[in-house]
Amino acid sequence: MSFIRKGAFELHPVLARRVALKRSFARIVLFFERILPLLLAPLGIAALFLSVAWFGIFRIAPDWVRWVLVGGFAFAFVYALLPLSRLRWPAVADADRLLEVRNNLPHQPVGVQDDQPAFETPFSRALWKEHQIRMAERIAALDAGLPQPDIARHDRFALRAIPALVFVVALGYSFSNGGGSPADAFRPAPPAPSINPDLRIDAWLTPPSYTGRAPVFLTGREATTTVAAVSIPQNSALTVRVTGGEGGEAVVFAPKAGGRPSTLITEEAKKAAEDAAQQQKQAAGQQGQQTAGQAPAPQTSAQPAASQQQPNQQRPPRTYALNVAESGSLTVNGQTWAFDVIPDRPPEIAFDGQPKRSVNGALEIGYTGKDDYGIREAHALIEPVDQPAPGATPLYPLPDYRLDLPRQNSREVKSLTSRSLIEHPLAGKRVKITLIAKDGAGQTGRSPTHEMVLPSRGFSEPLAAAVAEERQVFALDTRQMPRAIELNEALAIRPDETIPNLSHFLLIRSALERMKLARNEEQLKDTAEYLWEIALGIEDGDLSQAERRLRDAQRNLAEALQNKASDQEVARLMQELREAMQQFMNELAQRMQNAPHAPNNMQSQNVIRQRDLQNMMDQIENLARSGNRDAAQQMLNELQRMMNNLQAGRPQRGQQGQQQQNGQMRQQIDKLGEIMQEQQRLMDQTFKLDQALRDRMQRGDPSERPGQEGQQQQQQGQQQQGQQGQQGQQNTDQMTAEQLREALKNLRAQQEGLGKKLEELQQALKGLGMQPGEGFGKAQNEMGNAGKALGDGQGEQAVQGQGNALNALRQGAQNMMQQMMQAMQQQGQGQGQDRGGPGENMTSQGGQNGRDPLGRPRATSGPDFGDQVKVPDEIDVQRARQILEAIREKLGNALSGDAERQYLERLLDIR
Numbered sequence: 063m064s065f066i067r068k069g070a071f072e073l074h075p076v077l078a079r080r081v082a083l084k085r086s087f088a089r090i091v092l093f094f095e096r097i098l099p100l101l102l103a104p105l106g107i108a109a110l111f112l113s114v115a116w117f118g119i120f121r122i123a124p125d126w127v128r129w130v131l132v133g134g135f136a137f138a139f140v141y142a143l144l145p146l147s148r149l150r151w152p153a154v155a156d157a158d159r160l161l162e163v164r165n166n167l168p169h170q171p172v173g174v175q176d177d178q179p180a181f182e183t184p185f186s187r188a189l190w191k192e193h194q195i196r197m198a199e200r201i202a203a204l205d206a207g208l209p210q211p212d213i214a215r216h217d218r219f220a221l222r223a224i225p226a227l228v229f230v231v232a233l234g235y236s237f238s239n240g241g242g243s244p245a246d247a248f249r250p251a252p253p254a255p256s257i258n259p260d261l262r263i264d265a266w267l268t269p270p271s272y273t274g275r276a277p278v279f280l281t282g283r284e285a286t287t288t289v290a291a292v293s294i295p296q297n298s299a300l301t302v303r304v305t306g307g308e309g310g311e312a313v314v315f316a317p318k319a320g321g322r323p324s325t326l327i328t329e330e331a332k333k334a335a336e337d338a339a340q341q342q343k344q345a346a347g348q349q350g351q352q353t354a355g356q357a358p359a360p361q362t363s364a365q366p367a368a369s370q371q372q373p374n375q376q377r378p379p380r381t382y383a384l385n386v387a388e389s390g391s392l393t394v395n396g397q398t399w400a401f402d403v404i405p406d407r408p409p410e411i412a413f414d415g416q417p418k419r420s421v422n423g424a425l426e427i428g429y430t431g432k433d434d435y436g437i438r439e440a441h442a443l444i445e446p447v448d449q450p451a452p453g454a455t456p457l458y459p460l461p462d463y464r465l466d467l468p469r470q471n472s473r474e475v476k477s478l479t480s481r482s483l484i485e486h487p488l489a490g491k492r493v494k495i496t497l498i499a500k501d502g503a504g505q506t507g508r509s510p511t512h513e514m515v516l517p518s519r520g521f522s523e524p525l526a527a528a529v530a531e532e533r534q535v536f537a538l539d540t541r542q543m544p545r546a547i548e549l550n551e552a553l554a555i556r557p558d559e560t561i562p563n564l565s566h567f568l569l570i571r572s573a574l575e576r577m578k579l580a581r582n583e584e585q586l587k588d589t590a591e592y593l594w595e596i597a598l599g600i601e602d603g604d605l606s607q608a609e610r611r612l613r614d615a616q617r618n619l620a621e622a623l624q625n626k627a628s629d630q631e632v633a634r635l636m637q638e639l640r641e642a643m644q645q646f647m648n649e650l651a652q653r654m655q656n657a658p659h660a661p662n663n664m665q666s667q668n669v670i671r672q673r674d675l676q677n678m679m680d681q682i683e684n685l686a687r688s689g690n691r692d693a694a695q696q697m698l699n700e701l702q703r704m705m706n707n708l709q710a711g712r713p714q715r716g717q718q719g720q721q722q723q724n725g726q727m728r729q730q731i732d733k734l735g736e737i738m739q740e741q742q743r744l745m746d747q748t749f750k751l752d753q754a755l756r757d758r759m760q761r762g763d764p765s766e767r768p769g770q771e772g773q774q775q776q777q778q779g780q781q782q783q784g785q786q787g788q789q790g791q792q793n794t795d796q797m798t799a800e801q802l803r804e805a806l807k808n809l810r811a812q813q814e815g816l817g818k819k820l821e822e823l824q825q826a827l828k829g830l831g832m833q834p835g836e837g838f839g840k841a842q843n844e845m846g847n848a849g850k851a852l853g854d855g856q857g858e859q860a861v862q863g864q865g866n867a868l869n870a871l872r873q874g875a876q877n878m879m880q881q882m883m884q885a886m887q888q889q890g891q892g893q894g895q896d897r898g899g900p901g902e903n904m905t906s907q908g909g910q911n912g913r914d915p916l917g918r919p920r921a922t923s924g925p926d927f928g929d930q931v932k933v934p935d936e937i938d939v940q941r942a943r944q945i946l947e948a949i950r951e952k953l954g955n956a957l958s959g960d961a962e963r964q965y966l967e968r969l970l971d972i973r
């Protein structure tokens with residue numbers, strides 16, 4: 063392509079670039095028009111080669127025929143490629159001619175741009191330039207079109223259709239069992255099939271047991287009739303059994319990926335080879351023990367006897383076995399089966415939420431997982447974040463945390479497991495938790511690592527916590543035993559102050575002697591368990607032993623159900639579980655009676671009745687007897703998780719101060735409730751006095767309070783609301799206007815007293831670390847305005863200010879409760895408790911927003927600030943009036959008895 067701009071292109075560079083691009087396309091079109099006819103022969107030969115391969119000719123042909131065919135195809139293919147060597151890239155002039163011919167442009171408008179006039183005169187040059195410009199305008203939109211190779215001119219007899227048709231037919235046939243592959247041309251043909259009528263071949267595939275799939279029969283009446291490849295799970299067992307025949311049949315497995323075919327040997331030959339190797343090994347050992355003067359006895363071989371078998375004698379059955387791990391094909395005596403192996407992917411597992419601590423310190427882990435054929439085993443790997451010191455010798459291995467798997471559908475699982483690890487020395491340390499799942503094939507999958515503080519046993523007794531710390535020191539590293547002994551000795555410096563109980567002192571001293579005498583691992587473990595029992599005894603007494611016995615009974619029953627123990631063993635373990643549960647509940651009941659805050663704790667937690675536990679254990683036993691042990695295992699896990707979240711009525715370390723702070727908060731809530739009640743009562747008194755004063759001014763001296771025309775209607779409407787408050791109305795009716803004004807002024811002292819109480823409440827909240835809301839400040843200002851209005855005898859303004867004060871107090875109360883809830887939640891998170899925190903005592907009572915099952919507020923929910931009171935609308939008021947009128951009418955009529963009259967009077971609240 064010429065890059066020199068000539069003719070009109072010198073003045074029109076955009077047009078020059080467009081023409082240059084069209085020339086490039088035209089040269090490409092010309093090149094394809096020249097090369098496509100030359101490719102007919104090579105493509106036809108390649109299509110015939112693939113057709114012969116797919117028809118299986120290379121596989122069934124003898125080796126010399128196969129090599130002749132391969133050589134002929136190779137020679138023909140190379141010979142067909144020779145004309146391509148004379149192929150050249152099209153010239154620029156050829157491209158210009160193509161553009162002019164394809165676009166029907168006469169006078170060569172493209173080529174004229176490169177021509178020069180014959181006579182170099184000014185007139186001729188100007189005339190030629192004008193001609194070039196006009197021709198350039200005609201080539202603004204050129205199109206080279208698609209290649210037109212005119213193949214029919216090179217193949218007049220349409221022989222090209224033969225390879226194409228054969229290629230399509232061979233492609234369809236290649237998917238059958240008799241189809242071949244191009245790789246057959248370069249590998250030896252399988253042995254020729256035997257035509258012995260006594261020959262019988264049985265072949266089948268057995269998928270792994272964890273897949274749950276049935277065997278696939280390749281031969282016989284149960285064999286599949288499809289011609290497509292058999293899809294089988296990975297690691298399926300292939301078995302071929304050959305009966306009869308001459309013994310020359312070969313079993314060949316060819317990998318689909320193109321690997322080297324492998325000829326299988328019989329299982330009998332493998333066993334004979336192993337026996338021969340074992341005999342040679344024994345003979346070599348015996349020969350080494352013989353003396354130089356003794357000659358070994360001659361050994362007779364059974365091989366010659368086997369070789370003397372008569373030709374017409376039937377051979378014993380032969381068995382071939384193969385573990386199919388990849389896709390391929392199997393050839394037995396001319397019969398071929400293709401296998402498509404379904405890969406077995408590793409399992410996947412992940413956390414379902416954050417691991418958390420239950421009420422009694424157990425670790426709860428929720429997880430989700432999936433696998434192709436189901437997860438067989440899952441556990442949590444718990445490792446310390448801080449690497450132990452070099453040479454450290456921990457007394458116990460890492461915690462064993464097995465995840466509970468649902469038995470119904472283990473392919474996609476979602477479950478929650480709760481197990482107690484408070485006895486492990488890593489409890490209270492920061493650890494890394496990784497979930498590991500394993501499938502039936504032995505493949506493992508891991509989840510992302512999560513870091514947290516492993517839940518530990520909280521001790522409210524400092525002495526128990528100190529004993530547990532001694533155990534943890536040398537249990538994490540036995541080399542730290544001297545430091546643990548020093549900690550034990552430090553406890554006995556002032557035993558009369560630190561250890562008031564004599565039995566506890568004696569136990570700690572005996573533990574000190576054990577620590578000094580412990581030498582081996584067994585003695586160290588006994589000492590650690592002894593210290594742990596001392597700590598639990600100091601903290602809980604007999605309750606800890608009952609809890610441990612219950613946990614051991616649950617673990618023994620779970621292992622028996624998992625190991626499919628006998629019904630007698632399960633019944634015995636169920637009886638042990640019942641006894642352990644009864645002992646634990648008795649100790650728990652006794653502890654709850656002795657606990658000072660037991661009633662509050664019982665009200666704030668979900669109550670579990672002993673009857674419910676008994677029903678659950680009965681269901682577990684019935685399910686185990688009926689054979690549904692998976693469901694029994696699942697229900698046992700639910701029981702264990704329920705017991706882990708049972709509040710034992712024992713305050714944890716740090717909860718005593720927290721309970722004291724909660725008590726102070728509750729006192730402030732009660733004070734606020736009293737202030738709101740007194741304000742409501744004071745507003746009612748103010749309203750009654752103001753109404754009485756208005757009535758007195760209207761009837762006695764209307765000139766002092768003008769503009770009261772509508773008061774008569776208001777008084778009539780109030781009188782229709784029943785006979786309630788008649789006692790108070792009689793008192794105000796006997797008072798004069800001046801006495802009513804004095805009564806309003808006397809209420810000012812009470813209003814100012816409420817303002818002072820509110821100020822004291824705000825100071826107390828600041829002392830607890832809480833910031834009083836804006837509502838309290840607004841309420842105090844409204845109380846002051848109401849007090850001034852009362853001092854001036856203005857009852858209407860006082861009532862308005864008192865109502866505004868009540869609304870502001872409700873807003874401040876809501877703000878105060880929100881601050882308390884946030885503070886309690888932070889305290890609960892600091893203790894690592896996700897449930898059973900102190901905030902539940904006021905908010906989440908059984909998940910019903912602090913209300914009982916009937917929707918009534920609980921006594922522990924604090925005072926009712928009126929934020930949930932619905933103001934009745936006009937329709938409700940009318941309906942209430944209709945009901946009152948109906949009751950009065952019924953009361954005025956003749957009644958059936960005194961009981962009915964008393965009932966109606968109670969409804970009207972007039973007795």
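To convert, count from 1 in the sequence shown and add 62; that's our numbering.
Think of the CB as a built atom: it goes at the ideal place given N, C-alpha and C, for glycine as much as any other residue.
This structure is a prediction, so every number in the text was calculated from the model and none was measured.
Burial state of residue i, where buried means 16 or more other Cβ atoms lie within 10 Å
i      : result
Phe315 : buried
Asn422 : buried
Asp960 : exposed
Lys952 : exposed
Leu460 : exposed
His486 : buried
Residue i in three-state terms, based on DSSP
i      : result
Tyr965 : helix
Gly306 : coil
Ala424 : coil
Lys750 : helix
Gln542 : helix
Asp975 : The displayed coordinates of the chain run from 63 to 973. Any statement about residue 975 would go beyond what the structure contains.
Glu513 : strand
Beta-carbon proximity list for residue i, same chain, < 6 Å, skipping 5 on both sides
i      : result
Thr430 : Ala412, Asp414, Lys476
Leu497 : Ile411, Tyr429, Ala442, Ser509
Lys819 : Ile737
Arg80  : none
Cβ-based neighbour list, residue i, same chain, cut-off 7 Å, excluding 5 preceding and 5 following
i      : result
Ala848 : Gln813, Ala860, Gly863, Gln864, Ala867
Pro557 : Phe567
Val826 : The sequence given here has Ala at residue 826, not Val. Excluding sequence neighbours, Ala826 sits near Gln730.
Spatial distance of residue i from residue j (CA atoms)
i      : j      : result
Ala345 : Ala339 : 10 Å
Asp854 : Gly874 : 28 Å
Gln296 : Glu329 : 22 Å
Gln681 : Ala694 : 8 Å
Arg634 : Arg640 : 10 Å
Asp156 : Arg89  : 8 Å
Own chain residues within Cβ distance below 8 Å of residue i, not counting five before or after
i      : result
Val292 : Leu267, Val278, Leu280, Thr286, Trp399, Ala400, Phe401, Asp402
Arg222 : Leu102, Gly106, Ile213
Met745 : Val861, Gln864, Gly865, Leu868
Val231 : Ser113
Asp629 : Ala686, Arg687
Exercise. What are the start and end residues of each continuous alpha helix (DSSP H) run of 4 or more residues lying completely inside the region 83–171, in chain order?
Worked result: 119–122, 125–143, 154–164
Exercise. In the region 585–626, which residue ranges form an unbroken alpha helix (DSSP H) of at least 4 residues, counting only runs that do not cross its ends?
Worked result: 604–624
Problem set entry | Every unbroken alpha helix (DSSP H) inside the region 815–867 [4 residues or more] | 836–853
For this session: Starting from the N-terminal side, write out each stretch of the alpha helix (DSSP H) that is 4 residues or longer and does not extend beyond the region 541–571.
Result: 543–553, 557–560
Exercise. In the region 422–463, which residue ranges form an unbroken beta strand (DSSP E) of at least 3 residues, counting only runs that do not cross its ends?
Worked result: 425–432, 437–446
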